[in-house]
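From first to last, the protein sequence lines stand for chains A and B. Last residue of the first sequence? That's 252 in the numbering used here, and every number before it is there in order. Last residue of the second sequence? That's 220 in the numbering used here, and every number before it is there in order. The C-beta atom is built at its ideal place from N, Cα and C for all residues, glycine as well. Model, not experiment: these values are computed from the prediction. Data first, discussion second: the structure below is written as structure tokens.
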Amino acid sequence: MNAEQAQQILQNYRPRVDDGDPQFTAALALAKSDPELAAWLDAHCTSYEALRRKLRQTPIPEDLRDRILARQPVRARASWWARPAFVAAVVVAALGVNLAGYFVFWRETPVIAENNFAGYLQMTTVWASGGYSMDIKTEDAEALRRLFAERGSPTDYVLVPGLAALSLEGGNVLGWEGRKVSVLCYQKTGPAEADVWFFVAERTTVPDAPATEAPRFATANGLATATWTRGDRLYILAARGSRADLEKLL
Amino acid sequence: MSGKADRLPELEFEGLVNRYYAGLYQFAYSLSHSEADACDLTQQTFYLWARKGDQLRDRSKVKTWLFTTLYREFLKGRRRASRFPHVELGEVENELPGLSANLVDRLDAAAIIACVREVEEPYRAPIILFYLEDHSYAEIAQILDVPMGTVMSRLSRGRRRLQQLILKTTSSDKERTIER
């Protein structure tokens, strides 16, 4: 393979996304030893990231998530007692054949993939960076705790010191793998106005989350995030801005 | 994992919505040119998931299933034959200068999306998936229901077309600035 052929192949290469794709392996290896090709690849990757960033800025309608959830049809599994399959199973059971009933009732609930910390971080930051509406808009921290208590999400969280200086705007309860996550939404007022989100989950909700009380920083979906665990709680603090902005809040 | 058996279906649904609705909406919006249509497509996709999702055996394919379904719903809403004219992009476009990040940064997101919308339809969906999401090429092929080779060739052509449109937009912006 020469540099021209490698460049042709790498036209479709996406940094990070295609790193494990074997169709790019040889061309990427060549770029490491060819400075001219390496410079072209660097420019290609920068251009790709710039375009990707722009496209991901498409604003999401504020109420879309709620509209989707409101339109969720009543799932057959939720109203199991009304399912024809159940009725049939009862009839069959009455006849002494329990196999069908067993199948209907004991089939395992499907497991959604990406039940890991990366998936959780992705969910929280996509939610925060997209359009959303708050379940409750309030400046009253206790009213928010009451909502969390009613909805069964964590209430015994410890806020980071910097949040005391921000304006509480409200909160949400999100779902993740059958568990509930408390979200507190804050706004930083003043010249550098910005939204800040504080996510609290049970530690066991995301078993592979970093088990550290020292915050770990990352960027996801355009947000700076800090993650830590304390007691049996997993915390994520997210904001538009940089790691330095978050560190001021911790 | 503990807690599987008592997991509530509606929470599983909500978790999926939280995770994917933004990406699905952005995909739909880039395809359909309309906020209302994009909202409908996104809602319809989750509606179908709620009704038929349990038929999916390989749970690692949820994301691909959602994007495939949205794309099929998009196609269903259009008259395929008239919407998919055979478009030939000339070879001369191979000779376009490269698209620098600085050039892209000169345009705002709305202008970039407008350029994407002008890319002819057979090339537009691969382009959107290429830039927006982290799907592998095999997944993109599955979503679009075309062979992987077709994905790669459509991507090459689509990217050149997008490049051409972005260059055109930035040069007309420049001309307007000079005229002033």
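Beta-carbon proximity of residue i to residue j, cut-off 9 Å
i: G55 (chain B); j: G177 (chain A); result: yes
i: A216 (chain A); j: W230 (chain A); result: yes
i: N58 (chain B); j: M136 (chain A); result: no
i: I153 (chain B); j: P166 (chain B); result: no
i: A33 (chain A); j: A141 (chain B); result: no
i: L106 (chain B); j: I168 (chain B); result: no
i: C79 (chain B); j: A68 (chain B); result: yes
i: D23 (chain A); j: Y177 (chain B); result: yes
i: T206 (chain A); j: R181 (chain A); result: yes
Top-ranked residue by Cα proximity to residue i, from the options
i: F219 (chain A); options: A:E249, A:L149, A:G154, A:E152; result: A:E249
i: A41 (chain A); options: A:T221, A:Q189, A:L12; result: A:L12
i: L43 (chain A); options: A:V160, A:S155, A:P24, A:Q7; result: A:Q7
i: G63 (chain B); options: B:L88, B:V156, B:S100, B:T104; result: B:T104
i: L207 (chain B); options: B:G93, B:E161, B:D145, B:L184; result: B:D145
i: T221 (chain A); options: A:M3, A:A145, A:K182, A:V128; result: A:V128
i: C155 (chain B); options: B:Q95, B:R199, B:Y87; result: B:R199
i: Q182 (chain B); options: B:Y87, B:Y111, B:H73, B:L88; result: B:Y111
i: G117 (chain B); options: B:L143, B:D77, B:L96; result: B:D77
Cβ of residue i within 9 Å of any chain A Cβ
i: V186 (chain B); result: no
i: Y163 (chain B); result: no
i: D174 (chain B); result: yes
i: S140 (chain B); result: yes
i: R199 (chain B); result: yes
i: V57 (chain B); result: yes
i: L147 (chain B); result: yes
i: A154 (chain B); result: no
i: Q182 (chain B); result: no
i: V144 (chain B); result: yes
Inter-residue spacing [alpha-carbon to alpha-carbon] between residue i and residue j
i: Y61 (chain B); j: R67 (chain A); result: 7 Å
i: R18 (chain A); j: E204 (chain A); result: 30 Å
i: G243 (chain A); j: R55 (chain A); result: 15 Å
i: Q10 (chain A); j: E152 (chain A); result: 58 Å
i: D234 (chain A); j: Y122 (chain A); result: 17 Å
i: A238 (chain A); j: A120 (chain A); result: It is worth fixing the name first, because residue 238 (chain A) is Ile in this sequence and not Ala. Using only the alpha carbons, I get a separation of about 12 Å.
i: Y188 (chain A); j: L170 (chain A); result: 4 Å
i: T85 (chain B); j: T109 (chain B); result: 6 Å
i: T48 (chain A); j: E141 (chain A); result: 42 Å
i: E113 (chain B); j: L161 (chain A); result: 44 Å
i: S256 (chain A); j: A145 (chain A); result: The structure shown has nothing for residue 256 (chain A), since chain A only spans 3 to 252.
i: A240 (chain A); j: M3 (chain A); result: 45 Å
i: R194 (chain B); j: E52 (chain B); result: 36 Å
i: E173 (chain B); j: S184 (chain A); result: 27 Å
i: N14 (chain A); j: A143 (chain A); result: 49 Å
Residue-level contact to chain B via CB, residue i, 9 Å cutoff
i: Y50 (chain A); result: yes
i: R232 (chain A); result: no
i: E152 (chain A); result: no
i: T60 (chain A); result: yes
i: N14 (chain A); result: yes
i: M136 (chain A); result: no
i: P63 (chain A); result: yes
i: W129 (chain A); result: yes
i: I238 (chain A); result: no
i: L30 (chain A); result: no
i: A40 (chain A); result: no
i: W178 (chain A); result: yes
i: Q25 (chain A); result: yes
i: L186 (chain A); result: no
Examine the Cβ distances between the stretch 139-153 of chain B and the stretch 54-71 of chain A and report whether three or more of them are shorter than 8 Å. yes
Does the stretch 182-201 of chain A touch the stretch 158-170 of chain A, meaning 3 or more C-beta pairs lie closer than 8 Å? yes
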